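Going line by line, the protein sequences match chains A and B.
Under our numbering, the first residue of the first sequence carries the number 15, and numbering increases by one thereafter.
Under our numbering, the first residue of the second sequence carries the number 76, and numbering increases by one thereafter.
Note that beta-carbon positions come from the ideal geometry of N, C-alpha and C, so glycine has one too.
Just so we're clear, the structure is a prediction, and the values are computed from it rather than from any experiment.
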Amino acid sequence: MATAEFRVSARKALADPELRANFRRAMDGLMSRRADLFARAGDWAGLRALGAAARLRALARLPELLERLEAKLVERGVRVHWAETVEQGNAIVGDILRRRGARLVVKGKSMVSEEMHLNHFLEGEGIEVLEADLGEYIIQLDHETPSHIIMPAIHKNRRQIAKLFFERIKGARYSEEVDELTALARAVLREKFERADAGISGVNFAVAETGTLVLVENEGNGRLCTTVPPVHIALMGIEKVIERLDQVPALLALLTRSATGQPITGYVNMITGPRRAGEKDGPDEMHLVILDNGRTRVYADAELRDVLRCIRCGACMNHCPVYTRVGGHAYPGTYPGPIGKILMPQMLGLEKVGDLPHASALCEACTEICPVAIPIGDILVRLRREGTRADSRAVQGAGARRSAFESLVWSAWAAIYATPVLYRPMVWTLTRLGGLLPRGLPGLRDWMRVRARPRFARRSLHELARRAGLPDA
Amino acid sequence: MPDARSAILTRLRAGAPATVTPPDEDFAPVAGIGMGGEERLARLRRAMEAVHTEFLDARGADWVPAIHAWMVAQSLPSLILAPRTEPGRRIAERWPGLGAGPRLIPYDRPLAEWKAALFAENGAGLTATLGGIAATGSLILIPSADEPRTLSLVPPVHIALLEVARIYDTMWQAMREQEWSRAMPTNLLLISGPSKTADIEQTLAYGVHGPKRLLVVLV
Ligand code: SF4
Numbered sequence: 015m016a017t018a019e020f021r022v023s024a025r026k027a028l029a030d031p032e033l034r035a036n037f038r039r040a041m042d043g044l045m046s047r048r049a050d051l052f053a054r055a056g057d058w059a060g061l062r063a064l065g066a067a068a069r070l071r072a073l074a075r076l077p078e079l080l081e082r083l084e085a086k087l088v089e090r091g092v093r094v095h096w097a098e099t100v101e102q103g104n105a106i107v108g109d110i111l112r113r114r115g116a117r118l119v120v121k122g123k124s125m126v127s128e129e130m131h132l133n134h135f136l137e138g139e140g141i142e143v144l145e146a147d148l149g150e151y152i153i154q155l156d157h158e159t160p161s162h163i164i165m166p167a168i169h170k171n172r173r174q175i176a177k178l179f180f181e182r183i184k185g186a187r188y189s190e191e192v193d194e195l196t197a198l199a200r201a202v203l204r205e206k207f208e209r210a211d212a213g214i215s216g217v218n219f220a221v222a223e224t225g226t227l228v229l230v231e232n233e234g235n236g237r238l239c240t241t242v243p244p245v246h247i248a249l250m251g252i253e254k255v256i257e258r259l260d261q262v263p264a265l266l267a268l269l270t271r272s273a274t275g276q277p278i279t280g281y282v283n284m285i286t287g288p289r290r291a292g293e294k295d296g297p298d299e300m301h302l303v304i305l306d307n308g309r310t311r312v313y314a315d316a317e318l319r320d321v322l323r324c325i326r327c328g329a330c331m332n333h334c335p336v337y338t339r340v341g342g343h344a345y346p347g348t349y350p351g352p353i354g355k356i357l358m359p360q361m362l363g364l365e366k367v368g369d370l371p372h373a374s375a376l377c378e379a380c381t382e383i384c385p386v387a388i389p390i391g392d393i394l395v396r397l398r399r400e401g402t403r404a405d406s407r408a409v410q411g412a413g414a415r416r417s418a419f420e421s422l423v424w425s426a427w428a429a430i431y432a433t434p435v436l437y438r439p440m441v442w443t444l445t446r447l448g449g450l451l452p453r454g455l456p457g458l459r460d461w462m463r464v465r466a467r468p469r470f471a472r473r474s475l476h477e478l479a480r481r482a483g484l485p486d487a
Numbered sequence: 076m077p078d079a080r081s082a083i084l085t086r087l088r089a090g091a092p093a094t095v096t097p098p099d100e101d102f103a104p105v106a107g108i109g110m111g112g113e114e115r116l117a118r119l120r121r122a123m124e125a126v127h128t129e130f131l132d133a134r135g136a137d138w139v140p141a142i143h144a145w146m147v148a149q150s151l152p153s154l155i156l157a158p159r160t161e162p163g164r165r166i167a168e169r170w171p172g173l174g175a176g177p178r179l180i181p182y183d184r185p186l187a188e189w190k191a192a193l194f195a196e197n198g199a200g201l202t203a204t205l206g207g208i209a210a211t212g213s214l215i216l217i218p219s220a221d222e223p224r225t226l227s228l229v230p231p232v233h234i235a236l237l238e239v240a241r242i243y244d245t246m247w248q249a250m251r252e253q254e255w256s257r258a259m260p261t262n263l264l265l266i267s268g269p270s271k272t273a274d275i276e277q278t279l280a281y282g283v284h285g286p287k288r289l290l291v292v293l294v
């Protein structure tokens, strides 16, 4: 993915009025529902402090907690696998399915599986994977990726979905009624749940104390994926672990309220191991794949580590003026919006997506809304700086955006400002003749593409001060 | 992949903060708020009704005929129940005496032995609950060998018995008083309404994969 990609895709998205209307409507809805709920019920500040504390405590002892989680899970009969890369993660899932002779897999919503491009990998292995979350199912039918981490099909309106179902589902009748479209998906997927050889899911919180995987959802597809097929494979990033079960209520409240403005989701599914002897349902085999994919590197830097607090609620997207205008597909990589801008450069490298931290007005709407108080704005600035620092090892591709011309300009600037014999004549010239700079000048041309021409004051502050009789410092 | 495991843990240890002073936690925002019994029920009901949960108040009456009558009125063809649980036994005993009505189907074998039949059934599944949560409008369920997970998941209608005396203020209070963390069951569920989705234009639609209707019977 070239560095110029965001610029190009953003411009394309901005020119698509239907797409923009779809996002505007959805984001407005999500924002107002969240605001209503916190206004009615909620000690937002107290809850947020509690949630942030739970995440900080987990990160402070991450290696130890991962080991504790593993031990607890193994005790309960879960097989735990570790993957440093997405290739390793895919190979682990592929091996499990091959050993079980699985042909059909149903999958609940999992952003880690998107990170792994797992569907693509499994299809290459001859295994049919069906996305079971309605939004994921819609985009799978259209061979797309999620445009939002909570509402993957938010970029489509009902007419577009109606047309898609009519064209891609055998025997479907054309309808724009949401209830009918939903019923259609239910009918297709129900048969798959019944026949599936394995179910794959994500994880919202993994509790080290008890070895419990907490899954949050509204549809029931997650429960079906983790209950009906004989094998359940859960996928999570290393940062998903928390210390104790009593931390779940606060994190859960923050997650569902921030994500969709719900006091709780329809189902909170807490799984602690596969079916036990005598139980009539539940998978007889359960696996957890713990994925790194660049997270250990994020963890190593004290400031960047805060990115790993994220509970993937999507609120920063809903409140981001950039995201709302360009939509999720304009961003390269798995995670769009503000969280994507601070995470993807660290996963993919600044040489590839170093422009992402710049695709922000630094308005801090995301920082204000983030339920676990991640200083998103500060991290954006830090990553901008990393982009020009060749001496840093904190982020892959640091220094990739360094330009000799820009460095020269800044050095010259510093030199002039530190040298009065250079500074005075330059300021005198710019205040008198700055208005005559040609519009075609490289920096000026870019600036003026979307902004008014900068106007120089007729007298510099220095001159005005002197005229007012203030003494020179 | 044991090498991936040690590589990940080694990198984390190398990068871990040297001095760890974990922030304190003040649980006041999630602790119980000292509601009265009637207030708890009212809160739970309001929250659950807002997401299309139906209620049948059978307090002070016999709940078996109440459910029978409701199901007849809704023309539901069958009721799947857990025959070895207390409510299951009670229904099996009383049902035949109540006249024509939904067929009883005991969930008495492993899912694998009757998966297709269960998925084809068009009636209701009945479960008990371990109580409710007022603040979020949730039911607490612990599926077990006697009361399988799919009983509250696959049939199009889920009927849940809720003892009004067992409604807690908050989830935090429920988990502490019931001591969940001492021995977590294989599955512990909070159910806060019928299955729903807003994936198409943010428009709520019910019954996408799980039960289309949820009836809470107050006992
Ligand atoms: S960064 Fe914060 S607001 Fe954004 S998804 Fe993560 S937790 Fe939510």
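Just verifying my parser: in three-state terms, what is the DSSP assignment at residue i?
i: residue 470 of chain A; result: coil
i: residue 207 of chain B; result: strand
i: residue 17 of chain A; result: Residue placement at residue 17 of chain A is flagged as unreliable, the pLDDT there being 44, under the threshold of 50; the coordinate-derived value follows with that caveat. Note: residue 17 of chain A maps to coil in three-state DSSP.
i: residue 134 of chain A; result: helix
i: residue 86 of chain A; result: helix
i: residue 291 of chain A; result: coil
i: residue 123 of chain A; result: coil
i: residue 365 of chain A; result: helix
i: residue 243 of chain B; result: strand
i: residue 46 of chain A; result: helix
i: residue 271 of chain B; result: strand
i: residue 161 of chain A; result: coil
i: residue 167 of chain A; result: coil
i: residue 281 of chain B; result: strand
i: residue 333 of chain A; result: coil
i: residue 340 of chain A; result: helix
i: residue 226 of chain A; result: strand
What residue range does the alpha helix (DSSP H) around residue i cover?
i: residue 281 of chain A; result: From DSSP, residue 281 of chain A is part of no alpha helix (DSSP H) but of the beta strand (DSSP E) over 281-285.
i: residue 420 of chain A; result: 418-431
i: residue 351 of chain A; result: 351-362
i: residue 304 of chain A; result: No alpha helix (DSSP H) contains residue 304 of chain A, which is instead part of the beta strand (DSSP E) from 299-305.
i: residue 267 of chain A; result: 262-274
i: residue 112 of chain A; result: 100-113
i: residue 495 of chain A; result: Outside the displayed span of chain A (15 to 487) sits residue 495 of chain A, for which this structure offers no information.
From which residue to which residue does the beta strand (DSSP E) around residue i run?
i: residue 195 of chain A; result: Residue 195 of chain A -> not in any beta strand (DSSP E); alpha helix (DSSP H) instead, spanning 192-209.
i: residue 250 of chain A; result: 245-251
i: residue 219 of chain A; result: 219-221
i: residue 262 of chain B; result: 262-266
i: residue 181 of chain B; result: 178-181
i: residue 132 of chain B; result: 129-132
i: residue 224 of chain B; result: It is not in any beta strand (DSSP E) - residue 224 of chain B carries neither H nor E in the DSSP assignment.
Do you know whose CA, among the options, lies nearest residue i's CA?
i: residue 194 of chain B; options: A/249, A/201, A/188 and A/140; result: A/201
i: residue 396 of chain A; options: A/429, A/419, A/288 and A/312; result: A/312
i: residue 175 of chain B; options: B/151, B/185, B/279 and B/162; result: B/151
i: residue 208 of chain B; options: B/181, B/168, B/117 and B/95; result: B/117
i: residue 285 of chain B; options: B/126, B/196 and B/269; result: B/269
i: residue 280 of chain A; options: B/183, B/288, B/277 and B/266; result: B/266
i: residue 361 of chain B; options: A/53, A/97 and A/46; result: As displayed, chain B neither begins before 76 nor continues past 294, which places residue 361 of chain B out of reach and without an answer.
i: residue 77 of chain A; options: A/426, A/222 and A/249; result: A/222
i: residue 80 of chain B; options: A/226, A/99 and A/366; result: A/99
i: residue 135 of chain A; options: A/107, A/150 and A/60; result: A/107
i: residue 181 of chain B; options: B/153, B/104, B/103 and B/136; result: B/153
i: residue 450 of chain A; options: A/268, A/469, A/315 and A/85; result: A/469
i: residue 330 of chain A; options: A/284, A/274, A/365 and A/289; result: A/274
i: residue 277 of chain B; options: A/252, A/253, A/168 and A/309; result: A/168
i: residue 291 of chain A; options: B/221, B/170, B/172 and B/197; result: B/221
i: residue 102 of chain A; options: A/459, A/484, A/324 and A/305; result: A/305
i: residue 444 of chain A; options: A/459, A/474, A/458 and A/418; result: A/474
Quick test of your reading: residue i and residue j, contact by CB under 8 Å. State the CB separation rounded to the nearest angstrom.
i: residue 239 of chain A; j: residue 94 of chain A; result: About 19 Å; that fails the 8 Å criterion.
i: residue 372 of chain A; j: residue 27 of chain A; result: At roughly 17 Å, the Cβ-Cβ gap does not stay under 8 Å, so residue 372 of chain A and residue 27 of chain A are not in contact.
i: residue 208 of chain A; j: residue 191 of chain B; result: 7 Å
i: residue 226 of chain A; j: residue 225 of chain B; result: The Cβ separation is near 20 Å, so there is no contact.
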